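*Asks:*
Number of protein chains: 2
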Amino acid sequence: MQITRQADYAVRAVLHLAQIKNGERAATSTVAKEQRIPPSFLAKIISQLSIAGLLHTSRGARGGVTLARDPKDITLLEVVEAIDGPIQLNECVAEGGVCSFDDNCPIRDVWCEAQDELVARLKKTDFAQLMAQTA
Amino acid sequence: MQITRQADYAVRAVLHLAQIKNGERAATSTVAKEQRIPPSFLAKIISQLSIAGLLHTSRGARGGVTLARDPKDITLLEVVEAIDGPIQLNECVAEGGVCSFDDNCPIRDVWCEAQDELVARLKKTDFAQLMAQTA
DNA sequence: ATCCTATAGGACAATAAAATAGTGTTTAGA
DNA sequence: TCTAAACACTATTTTATTGTCCTATAGGAT
């Protein structure tokens, strides 16, 4: 019942990028150092975030990473789900509906509700808000 | 970001016991069969729930398991935490405060809030409520 | 007393997932 | 063209999860 280290790193990395003025590029290695993330681990995370369309990367000398959108248009939920996949508090709470019990299983219901609440909260939290709190 | 199978099994087992009239004892093997839980796995789960004080066990012939309290006095949170340990959405959200960053880390804050909300919901859900929904 | 049944609990196996390291390739700016 | 940086793999290490199995032990019932 915890997000992975990867997702936490991803959130910190995105917040770091959001805090750079003028949307300048930052090297993965720099982000890694400042956020204390194992560099080669962060590389993979950056890659996934890029595939998810959350940030742009550019290769070559003076290359680096930037946010693909305005911080206020990136939600915590997007970043977490890009890394950890969709949030699912219990196995039976899935699209396919793998629950082998009743359709009106009370256990499934309560997890669905709790999950919806959590997802809603993460969805309404964007990175502009997170930045504001630091200052 | 998911409760373990163990915790899910525990919840189903407790709900099963709650549904037995007159608080009669049920054998672990019976519960296992009806809830489709691997029997020897359930034995260990039952043991943990017993240590946590959520249910009473009695050995010997015609022994079995009963709830230690009224279903309405057992919360979903208690059962889940008895098995999975305290709910912690992110590593930095812990008692010791292992977060190596600022005290006012915005990331930590948002996870704390989301976690509090989730915990509150699980705490206010008791097994009498869950039973009511089945009927 | 002595069966018989059911919990208690430890050892251990099989996956699975998470976290990290490493290595070479490709790209593009200076 | 040299170099810095992302990219794409692969491998390794560690830890958690999900079980199984086996033996001990307690306690009713006869």
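Heads up: the sequence lines are chains A and B, in that order.
At position 78 of the first sequence (counting the first as 1) the number is 78 in this note's numbering, and the numbers step up by one without a gap.
At position 120 of the second sequence (counting the first as 1) the number is 120 in this note's numbering, and the numbers step up by one without a gap.
Note that the Cβ used here is the ideal one computed from N, Cα and C, for glycine as well.
What you are looking at is a predicted structure, and each value in this text was computed from that prediction instead of being measured.
(1) Please decide whether Leu67 of chain B counts as near chain A, where near means a Cβ-Cβ distance under 8 Å.
(2) Which residues in the same chain as Leu122 of chain B place their Cβ atom closer than 8 Å to its Cβ, once the five residues preceding and following it in sequence are excluded?
(3) Which residue comes first and which comes last in the beta strand (DSSP E) that contains Leu136 of chain A?
(4) Beta carbon of Asp48 of chain A, beta carbon of Met1 of chain B: below 8 Å?
(5) Classify Asp70 of chain A as buried or exposed, calling it buried when 16 or more other Cβ atoms lie within 10 Å of its own Cβ.
(6) Find out if the Cβ-Cβ distance for the pair Leu17 of chain A, Thr66 of chain A is shorter than 8 Å.
(7) When DSSP builds the beta bridges, which residues end up paired with Ala26 of chain B?
(8) Can you check whether the CB of Val31 of chain A is closer than 8 Å to the CB of Ala13 of chain A?
(9) Using 10 angstroms around the beta-carbon of Phe101 of chain A, count the other beta-carbons present and answer buried if the total reaches 16, otherwise exposed.
(10) Give a yes or no on whether the C-beta atoms belonging to Cys112 of chain A and Val93 of chain A are separated by under 8 Å.
(11) Of all the residues that make up the stretch 122-133 of chain A, which are near chain B by a beta-carbon distance shorter than 9 Å?
*Replies:* Walking through what the data contain:
(1) For Leu67 of chain B, no CB of chain A lies under 8 Å from its own CB, so it is not counted at the interface with that chain.
(2) Thr75, Leu76, Leu77, Val80 and Ile87
(3) The shown model of chain A, from 1 to 135, leaves out residue 136 of chain A, and the question about it has no answer.
(4) One point to set straight first is that residue 48 of chain A is Gln, not Asp, in the sequence displayed. Cβ atoms of Gln48 of chain A and Met1 of chain B: not closer than 8 Å.
(5) exposed
(6) yes
(7) Ala26 of chain B pairs with B:Val65.
(8) yes
(9) Around the beta carbon of Phe101 of chain A, fewer than 16 other beta carbons sit within 10 angstroms, so the residue counts as exposed.
(10) yes
(11) Across the stretch 122-133 of chain A, CB contacts with chain B closer than 9 Å involve Leu122, Thr125, Gln129, Leu130, Met131, Ala132 and Gln133, in sequence order along the chain.
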